[in-house]
Structure formats: C-alpha cells, structure tokens
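Numbering (the numbering used here), first residue to last: 25 to 388.
Heads up, the beta-carbon is just placed ideally off N, CA and C, and yes, glycines get one too.
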C-alpha cells in the first residue's frame with residue numbers, strides 16, 4: 025500500500041541537457057508502446073529528474089530495514105531506517121550514487137518513506153524532499169536524525185547532503201490548511217533562486233527562498249456524495265503530489281485525493297501566486313505526477329484505478345481541447361513520470377515496495 029500518502033490524507037534513460045529537460049519543462053510523446061525496464065532492483069522508487077550531465081536520476085524511498093528508534097504516529101510507528109538512496113542511469117549503466125539518506129519504515133502501516141522527489145536547479149546540486157506522513161513534532165523522537173524528515177535536502181554530485189529547508193516546522197508553526205498537524209513533503213520543482221514543493225500531508229504548495237519556507241496555496245477537500253462509497257466518508261482531502269511549471273507560465277499541482285481514494289476524485293490545479301488555485305482538470309484518479317507535451321497536451325500519471333489503491337496504474341492524455349485518452353499500458357503502483365529528448369516516457373514503477381522497483385521506458 026502507498027501508505028505514506030494515505031497517512032497524509034488521513035489527519036528521468038536520456039542524455040538531453042538539464043536546461044532542456046528540467047522538471048518545469050517536461051515534454052511528452054503523442055503515443056505509447058510496450059514498456060521496457062531500464063532500471064531495476066530499486067528500493068521504492070519515487071521521483072525522477074535529469075542531471076546536469078544528462079543522466080537520469082531516481083530517488084529511492086528506502087527498504088524495510090529498521091536501524092534506529094521508532095516513534096508512535098497516528099497509524100503504527102515510524103522507525104528510522106536510513107536506507108534512502110539516489111540511483112543514476114548514465115550511458116546504459118545503473119549506479120547508486122548516494123545511499124544512507126533519511127528514510128523510515130512503518131511496519132504497522134506497511135509504509136516506506138524517505139526521499140520522495142528530486143529536481144536540479146540549473147547545473148547545480150539536486151534538491152530532494154523527504155517524507156514523514158505524521159505530525160512533524162514527532163520527529164524529535166528519532167533524536168538527531170529526526171530533523172532530516174519532512175525536510176528538503178540538497179545533494180551534491182558526490183552524494184553528500186545537508187538539510188536546506190524545513191517544511192515540517194512550517195506546518196507545525198503555520199498549519200496553512202488547518203486541521204490536524206501532518207507533514208509529508210512530496211513533489212519538488214527547482215528554479216533559479218527558488219524551490220517549490222507540495223506537502224501531501226499539509227495539503228499545501230510551499231515556496232523556499234534561501235531556506236525560508238512560505239505558503240503559496242492550499243488545496244480544499246472534495247465532498248463525497250452520500251451513498252457513493254460504504255462507510256462514514258463525507259469528504260476526501262486533496263493530498264497534493266507534484267508541482268510543475270506549465271506552458272502558460274503558471275504552476276500546476278496534481279492531487280492524489282485522500283481516503284477512500286475514489287475514482288474521479290483527483291484533480292490538477294492551476295496556481296498563480298497571489299491568487300486562489302483553480303481546477304484545470306477534474307475527474308482523475310490517484311494522480312502522482314503529470315507532464316506537459318510540446319503542444320500543450322497534458323499527460324497524467326495515475327497510481328491506481330480503484331478505491332484504496334486497487335487496479336492498475338494508468339497514463340491519461342488530456343488534449344488542449346479537453347479530450348481524454350487512456351494510454352494502453354497497465355502499470356503497477358507508478359509514482360513518477362518524466363520524458364527524454366528521444367520522446368520516450370520514463371516512469372517509476374512498483375514505487376511502494378523495496379528491492380523490486382523499476383524505471384520503465386515507454387516508446388512512442
């Protein structure tokens with residue numbers, strides 16, 4: 025189960041240069057073919073990005089190892105693991121270039137959390153979000169390692185890293201969306217002098233300048249029609265998962281949607297700073313990422329297709345006139361999508377489990 029995002033809701037192989045393939049400039053092909061595995065044996069693969077040299081990087085949230093103390097959270101216990109990693113695909117060679125990054129395992133919730141997404145700023149270092157999926161005040165229970173969760177870290181080319189922003193404390197002190205305190209930083213977009221990230225637990229879009237975190241937008245819950253699903257569900261939280269820069273210059277934020285993760289409950293929001301978010305696309309299901317085609321076509325990555333993460337993952341193509349097509353590829357718990365200069369889609373697949381994660385290349 026993709027429990028990190030469930031908990032939050034309850035309270036790139038190419039050699040193109042980075043300035044062409046930065047996350048804010050994603051492009052996508054017009055059709056898809058059979059997936060080919062280009063990276064394998066990954067520990068819960070999540071976000072993808074192309075590095076300055078053109079290599080494809082994937083962050084790994086970690087494994088089920090427990091290598092430190094545990095902290096009781098709303099569902100089970102987050103236990104320190106320290107098995108997060110970053111793996112690179114360069115000229116056909118897969119290589120783990122950073123290991124021992126912050127990660128936790130929650131055996132009760134079957135949840136692995138750690139590095140969630142990565143993006144590179146210009147030709148500098150990589151910016152990585154780290155998850156938590158709980159009240160950020162509880163991080164202190166992990167001792168000195170606690171501050172590295174619900175955070176943004178900067179990773180150097182040699183694998184060294186340091187904390188550069190603390191969105192967890194921003195949630196703790198500001199609680200932008202209200203409700204129970206919950207922080208789970210997820211998607212990140214790095215631009216010159218500023219980073220944007222979404223907090224899936226806090227239902228917010230945040231901005232970081234020189235380490236200072238501020239709120240750009242918050243995202244509302246979606247009402248659940250009476251009788252549409254068994255149980256005491258009246259609304260579904262937004263659970264934002266990714267932020268990109270759209271072809272019109274606005275920011276776009278995808279949402280997973282919260283419990284019970286109903287088909288059609290997820291959305292893509294358009295965000296202009298200083299204004300309330302507007303719905304760009306509705307009626308989607310459990311969206312974990314999205315990518316823009318050169319003609320303005322929007323490709324949407326869906327983690328699953330039925331309530332509580334049932335059914336296969338899908339890619340939905342939304343044309344500029346609003347017409348939708350589901351591409352003929354069934355995925356298994358996909359978590360990220362990016363596109364190479366060759367026009368192929370790259371997708372993190374099996375993103376919820378250790379040791380068997382993949383990156384797929386989908387040929388147009």
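What residues are listed by DSSP as bridge partners for residue 115?
One-based indexing of the chain shown puts residue 115 at position 91. In the DSSP output, where bridge partners are listed per residue, residue 115 has none listed.
The beta strand (DSSP E) spanning residue 101 covers which residue range?
For this step, residue 101 is matched to residue 77 along the chain shown. Where residue 101 is concerned, the enclosing beta strand (DSSP E) stretches over 101–104.
Nearest-angstrom Cα distance between residue 387 and residue 367?
Locating residue 387 in the chain shown gives position 363, counting from the first residue. Locating residue 367 in the chain shown gives position 343, counting from the first residue. Distance between the alpha carbons of residue 387 and residue 367 is about 8 Å.
If you run the structure through DSSP and keep just helix, strand and coil, what is residue 248?
Start at 1 with the first residue of the chain shown, and residue 248 comes out as number 224. Note: residue 248 maps to coil in three-state DSSP.
Look at the Cβ atom of residue 385, then the Cβ atom of residue 69, and state whether they are nearer than 8 Å.
Within the chain shown, numbered from 1, the residue matching residue 385 stands at position 361. Within the chain shown, numbered from 1, the residue matching residue 69 stands at position 45. Cβ distance not < 8 Å, so residue 385 and residue 69 don't count as in contact.
Tell me where the beta strand (DSSP E) around residue 312 begins and ends.
Taking the first residue of the chain shown as position 1, residue 312 is located at position 288. Taken as a continuous stretch (DSSP letters only), the beta strand (DSSP E) holding residue 312 covers 311–316.
Please classify residue 332 as buried or exposed, where buried requires at least 16 other C-beta atoms within 10 Å of its C-beta.
As a position in the chain shown, residue 332 is number 308, starting the count at 1. The residue is exposed, with fewer than 16 neighbouring Cβ atoms inside 10 Å.
Tell me the rounded alpha-carbon separation between residue 154 and residue 148.
One-based indexing of the chain shown puts residue 154 at position 130. One-based indexing of the chain shown puts residue 148 at position 124. Going from the Cα of residue 154 to the Cα of residue 148 covers about 19 Å.
For the alpha helix (DSSP H) containing residue 137, list its first residue and its last residue.
Within the chain shown, the letter at position 113 stands for residue 137. First-last for residue 137: 135–137, but that is the beta strand (DSSP E), not the alpha helix (DSSP H).
Comparing C-alpha positions only, which one of 90, 311, 362 sits nearest to residue 74?
In the chain shown, counting from the first residue as 1, residue 74 sits at position 50. Minimum Cα distance to residue 74 is reached at 362.
Could you check if residue 117 is buried or exposed, using at least 16 other CB atoms within 10 Å of its CB as the buried criterion?
Taking the chain shown and counting its residues from 1, one reaches residue 117 at position 93. So residue 117 counts as exposed.
Per DSSP, which one or two residues make a beta bridge with residue 185?
Here the question's residue 185 lines up with position 161 in the chain shown. The partner list for residue 185 (beta bridge, DSSP) reads 179.
Can you give me the C-alpha to C-alpha distance between residue 259 and residue 208, rounded to a whole angstrom?
Here residue 259 corresponds to residue number 235 of the chain shown, with the count starting at 1. Here residue 208 corresponds to residue number 184 of the chain shown, with the count starting at 1. Roughly 20 Å separates the two Cα atoms.
Return helix, strand or coil for residue 84, following the three-state DSSP convention.
Looking up residue 84 in the chain shown gives position 60. Looking at residue 84 - three-state DSSP - the assignment turns out to be strand.
Below 8 Å on the Cβ atoms is my contact criterion, and I expect residue 163 with residue 151 to pass it. Report the Cβ-Cβ distance as a whole number of Å.
Looking up residue 163 in the chain shown gives position 139. Looking up residue 151 in the chain shown gives position 127. With a Cβ gap of about 20 Å, residue 163 and residue 151 do not count as contacting.
Which term fits residue 379, buried or exposed, when burial requires 16 or more other beta carbons within 10 angstroms of its beta carbon?
Counted from its first residue, the chain shown places residue 379 at position 355. Exposed: under 16 other Cβ atoms inside 10 Å.
How many Å lie between residue 131 and residue 374 at the Cα?
Residue 131 sits at position 107 when you count from the first residue of the chain shown. Residue 374 sits at position 350 when you count from the first residue of the chain shown. Answer to the nearest angstrom: the Cα atoms are 18 Å apart.
Assign residue 177 to one of two classes, buried (16 or more other C-beta atoms within 10 Å of its C-beta) or exposed (fewer than that).
Position 153 of the chain shown holds residue 177. Under this definition residue 177 is a buried residue.
Have a look at residue 64 and residue 382 and give me their C-alpha separation to the nearest angstrom.
In the chain shown, the residue the question calls residue 64 occupies position 40. In the chain shown, the residue the question calls residue 382 occupies position 358. Roughly 4 Å separates the two Cα atoms.
Okay, do the region 247–258 and the region 268–280 touch, 3+ Cβ pairs below 8 Å being the bar?
In short, these stretches do not touch, since the Cβ pair count stays below three.
Kindly indicate the opening and closing residues of the alpha helix (DSSP H) around residue 191.
Within the chain shown, numbered from 1, the residue matching residue 191 stands at position 167. Taken as a continuous stretch (DSSP letters only), the alpha helix (DSSP H) holding residue 191 covers 191–198.
Between 129, 107, 133, 134, which has its C-alpha nearest residue 121's C-alpha?
By 1-based counting over the chain shown, the position of residue 121 is 97. For the residues 129, 107, 133, 134, the minimum Cα distance to residue 121 belongs to 107.
Tell me whether residue 101 is buried or exposed, calling it buried when 16 or more other Cβ atoms sit within 10 Å of its Cβ.
For the purposes of this step, residue 101 is identified with residue 77 of the chain shown, where counting begins at 1. Counting Cβ neighbours within 10 Å, residue 101 comes out buried, since at least 16 surround it.
Looking at the C-beta of residue 75, does it have a partner C-beta in chain B at a distance below 8 Å?
Of the protein chains in the structure, only one exists, and it is not chain B.
Is it buried or exposed for residue 45, if we count other Cβ within 10 angstroms and need 16 for buried?
Translated into positions along the chain shown, residue 45 becomes position 21. With a pLDDT of 34 at residue 45, under the threshold of 50, the modelled position of that residue is not reliable, and no figure is offered here.
Nearest by alpha-carbon distance to residue 141: which of 199, 360, 371 is it?
As a working note, residue 141 is residue 117 in the chain shown. Of the listed residues, the one whose Cα sits closest to residue 141 is 360.
So residue 325 and residue 312 are supposed to be a Cβ contact under 8 Å. How far apart are they, rounded?
For the purposes of this step, residue 325 is identified with residue 301 of the chain shown, where counting begins at 1. For the purposes of this step, residue 312 is identified with residue 288 of the chain shown, where counting begins at 1. Right, the Cβ-Cβ distance comes to about 5 Å (below 8 Å), so this counts as a contact.
Classify residue 256 as buried or exposed, calling it buried when 16 or more other Cβ atoms lie within 10 Å of its own Cβ.
Start at 1 with the first residue of the chain shown, and residue 256 comes out as number 232. Looking at its Cβ environment, which holds fewer than 16 other Cβ atoms inside 10 Å, residue 256 is exposed.
Relative to the alpha-carbon of residue 288, which residue among 247, 316, 295 has its alpha-carbon at the smallest distance?
For the purposes of this step, residue 288 is taken as residue 264 along the chain shown, with counting starting at 1. If we check each option's Cα against that of residue 288, 247 comes out closest.
Taking DSSP as the reference, what is the three-state secondary structure of residue 130?
What you label residue 130 is simply residue 106 of the chain shown in a count that begins at 1. Strand at residue 130.
My assumption, with CB atoms under 8 Å, is that residue 234 sits in contact with residue 191. Please give the rounded CB distance.
In the chain shown, the residue the question calls residue 234 occupies position 210. In the chain shown, the residue the question calls residue 191 occupies position 167. Their Cβ separation, rounded to whole angstroms, is 14 Å, which puts residue 234 and residue 191 out of contact at 8 Å.
What residue range does the beta strand (DSSP E) around residue 213 cover?
Position 189 of the chain shown holds residue 213. Residues 209–215.
Let me make sure I understand the geometry here. Which of 198, 330, 271 has the alpha-carbon closest to that of residue 294?
Within the chain shown, numbered from 1, the residue matching residue 294 stands at position 270. When only C-alpha atoms are compared, the closest one is 271.
Compute the beta-carbon to beta-carbon distance between residue 71 and residue 61, rounded to the nearest angstrom, for a pair I have assumed lies under 8 Å.
In the chain shown, the residue the question calls residue 71 occupies position 47. In the chain shown, the residue the question calls residue 61 occupies position 37. Not a contact, Cβ separation roughly 18 Å.
Please report the distance separating the alpha-carbon of residue 244 from that of residue 175.
Mapped onto the chain shown, residue 244 falls at position 220. Mapped onto the chain shown, residue 175 falls at position 151. The straight-line gap from Cα to Cα measures roughly 23 Å.
On the criterion of 16 or more Cβ atoms from any shown chain inside 10 Å, does residue 236 qualify as buried, or is it exposed?
As a working note, residue 236 is residue 212 in the chain shown. With fewer than 16 Cβ atoms within 10 Å of its Cβ, residue 236 is classed as exposed.
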